[in-house]
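Just so you know, the sequence shown maps onto residues -1 to 495 in the working numbering.
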Amino acid sequence: MKLRHHCCQVSTYTFYLSPHTCDHQCVEPLVSFTNGIIDVRFPTSLSGDGTDAMNTDCDYSSAYVKLYTDSDLTGFGMTFTIGRGNDIVCLAIEELSKRLVGKDVEELFANMGKTWDYLSSDSQLRWIGPEKGVIHIALGAVDNALWDMFARSRNKPLWKLVVDMTPEEIVNATAFRYITDALTREEALAMLREKAATRAEREAKVREIGYPAYVTSAGWLGYSDEKVARLTREAVEAGFNHFKMKVGADPASDLRRGKIIRSIIDDPQYLPAGHAPRDPNGPDLSGKNAGPTGSVLMIDANQVWDVPQAIDYVKSLAEIKPWFIEEPTAPDDILGHAAVRKALKPYGIGVATGEHAHNRIVFKQLLQAEAIDVCQIDSCRLAGVSEVLSVLLMAAKFGVPVCPHAGGVGLCEYVIHLSLIDYIAVSGTMERNVLEFVDHLHEHFLYPCSINKNGRYNVPNDSKEGYSIEMRERSISEFEFPNGSYWKGVRSAATVA
């Protein structure tokens, strides 16, 4: 079974890949599809969803790819942006996808780490990274689509495909280049073997109770105080006990909003019926600055500060007792994060980052420098599952909990798979881990994620869903940019006006 040529539509342009453009012998003449790669954008800036101190007008967007074969087997993948530039990412996906055309899928599946190395090794494309920026998040979309295809070919959700692998197969699926000074293949193999015998117990447990989640939907910077209070109450009623708030635009406003959230999450009257307060000193909450009901508050600055400013600003918010400050400064500044962490430690406030960490090397250095208390992988910023595996393994070795970034469009659907892999096969714990949940845009996916009554992710369980990222065709028809029905309507309205 081989991957085929496809036609891909990016913005208003259509690109046809003809046989002579490939650097290998193709098995088929031109095969055209009108939606192999699609620029999909949702107008979330209209409602203030996703707003923070750095990103003030987010239109959640998906650079979406379908990988076709000469059978019915198809792989779906995407990477996430916030609007303008999504078309540039689609072009990069187009270039990277060419490397797969004509390849035998079983040969690719046999060693996904080797496949990842191959996808990332085009020297001319690598030059415009290397392994960072547009070309790297585009690689994430392509690699994720290939993993989705792999899982679908085995009739398993992605997480189940990976946790059913032998330790040797997981190691072979992992990207190790540039990290062996922090984690060798032999160390990774030993870690995975140690956890292998008890995988089934952990799988049964998480299927029963779900994976811990936290909610950001109440804390966007563009929301009114009334909306923040209403959404916080709703989140408490839904069973959540970890909450995140955006900060960084104005200290007085942030303190006021933080007190509003605290006044609700710390008050037992708002707990769901039958839910008793949790022990703030229990093993799952100790060190998280949990309030009297066992609820935890986190804050997120989205990279808006310099290092000294970050330290002073967060100290001014110590009254609301956050567990951590997320992205306090530039995502590349390893030593800056270490300095912030050292300065805030006496206040009991930790540091989290990773949403914009370019690659596994940045995570390696963050861990080596003891710069973070929480490791926040992103399923699209990292270049697919093979690179994510390398970060999960490093974080487990260094004893740092992985709490993935989600939200956006499609990220929640992705990351539950990654947290399940971490818990069942890698770290063996979810006691102090929480996975971000944002209640936006799930209705556009065939296999949307879901939350149970205790504020935990349900385990994806459909044998057909792969990596859970297949988008509904009607959503694509409506929100494809710029020719979907929604965007045509916007242009028509603008013309009339």
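Ideal placement from N, C-alpha and C gives every residue a C-beta, glycine not left out.
Could you round the C-beta distance between Gly352 and Ile375 to whole angstroms and report it? I think they count as a contact, below 8 Å. 6 Å
Leaving out five residues before and five after Gly287 in sequence, what residues of the same chain have Cβ atoms less than 8 Å from its Cβ? First, the amino acid is wrong: residue 287 is Asn here, not Gly. Cβ within range, chain order: Val294, Leu295, Lys319, Pro320, Trp321, Gly346, Ile347.
Can you tell me which of Leu364, Cys88, Met(-1), Ile36 puts its alpha carbon nearest to the alpha carbon of Glu468? Ile36
When the Cα of Val407 is compared with those of Met428, Arg430, Ser377, which residue comes out closest? Ser377
Assess, as a yes-or-no matter, whether the segment 79 to 92 is touched by the segment 154 to 172 under the definition of 3 or more beta carbon pairs within less than 8 Å. no
Please work out which residues of its chain come closer than 7 Å, Cβ to Cβ, to Ile414, disregarding the five sequence neighbours upstream and downstream, and give them in chain order. Tyr209, Leu433, Cys447, Tyr455, Pro458
DSSP has Ile323 in a bridge; who is on the other side? Ile297, Val349
Under a Cβ-count criterion, where at least 16 other Cβ atoms within 10 Å of its own Cβ denotes burial, should Gly272 be classed as buried or exposed? exposed
Specify the secondary structure class of Phe361 as computed by DSSP and reduced to three states. helix
Do the CB positions of Asn445 and Glu471 come within less than 8 Å of each other? What sits at residue 445 in the sequence shown is Tyr, not Asn. It is not a contact, given that the beta carbons lie outside the stated cut-off.
Which word fits Ile126, buried or exposed, when buried means at least 16 other C-beta atoms lie within 10 angstroms of its C-beta? exposed
Given a cut-off of 8 Å on the beta-carbon distance, is the pair Thr53 and Tyr465 in contact? Before going on, a small fix: residue 53 reads as Asn here, not Thr. No, the Cβ-Cβ distance between Asn53 and Tyr465 is not below 8 Å.
With a threshold of 6 Å on Cβ separation, who are the neighbours of Gly334 within its own chain once the five nearest residues in sequence on each side are excluded? Val305, Thr327
Let me make sure I understand the geometry here. Which of Gln307, Lys112, Leu1 has the alpha-carbon closest to that of Lys101? Leu1
Going by CA-CA distance only, name the one from Ala274, Ile359, Cys410 that's closest to Asn452. Ala274
Reduced DSSP category for Gly111 - H, G, I as helix; E, B as strand; rest coil: helix
With 16 other Cβ atoms within 10 Å as the buried cut-off, status of Leu94: buried
Chain-order list of residues whose beta-carbon lies under 7 Å from that of Tyr11 (same chain, five-residue window excluded): Confidence at Tyr11 is low in this model, with a pLDDT of 29, below 50, so the placement of that residue should be treated as unreliable; the coordinate-derived value is given next. Hits under 7 Å: none found.
Can you tell me whether Phe477 is helix, strand or coil according to DSSP? helix
How big is the Cα-Cα spacing for Asp420 and Gln363? 20 Å
Whole-angstrom distance between Glu129 and Cys20, CA atom to CA atom: The pLDDT assigned to Cys20 is 37, lower than 50, so where the model puts this residue is not dependable; a value taken from the coordinates is nonetheless given after this. Cys20 and Glu129: Cα-Cα distance of roughly 23 Å.
Roughly how far, in whole angstroms, is the beta-carbon of Leu283 from the beta-carbon of Ile309, given that I think they are within contact range, below 8 Å? At roughly 25 Å, the Cβ-Cβ gap does not stay under 8 Å, so Leu283 and Ile309 are not in contact.
At which residues does the alpha helix (DSSP H) containing Gly131 begin and terminate? 131 to 151
Can we say the segment 163 to 179 touches the segment 473 to 482, given the rule of at least three CB pairs closer than 8 Å? no
Residue range of the alpha helix (DSSP H) that includes His335: 332 to 342
What does DSSP give as the partner residues of Ser59 in its beta bridges? Arg39, Thr79
Could you give the C-beta distance for Pro402 and Ser384, rounded to a whole number, given that I count them as a contact under 8 Å? About 16 Å separates the two Cβ atoms, so there is no contact after all.
Neighbour-count burial assignment, Asn481, 16 or more Cβ in a 10 Å radius: exposed
Delimiting residues of the beta strand (DSSP E) encompassing Lys244: 240 to 244
Mapping the DSSP letters down to three states, classify Tyr176 as helix, strand or coil. coil
Rounded to the nearest angstrom, what separates Val302 and Gly246 at their Cα positions? 7 Å
Identify the residues that DSSP records as bridge partners of Asp102: which are they? Lys0
Beta-carbon spacing of Gly73, Met(-1) below 8 Å: no
Taking Ala211 as the reference, give the member of Val160, Leu65, Phe241 with the closest Cα. Phe241
The alpha helix (DSSP H) with Ala443 in it runs from where to where? The question names Ala, but residue 443 is Phe in the sequence shown. It is not in any alpha helix (DSSP H) - Phe443 carries neither H nor E in the DSSP assignment.
If Phe435 and Val213 are in contact, beta carbons under 8 Å, what's the gap, nearest whole angstrom? 6 Å
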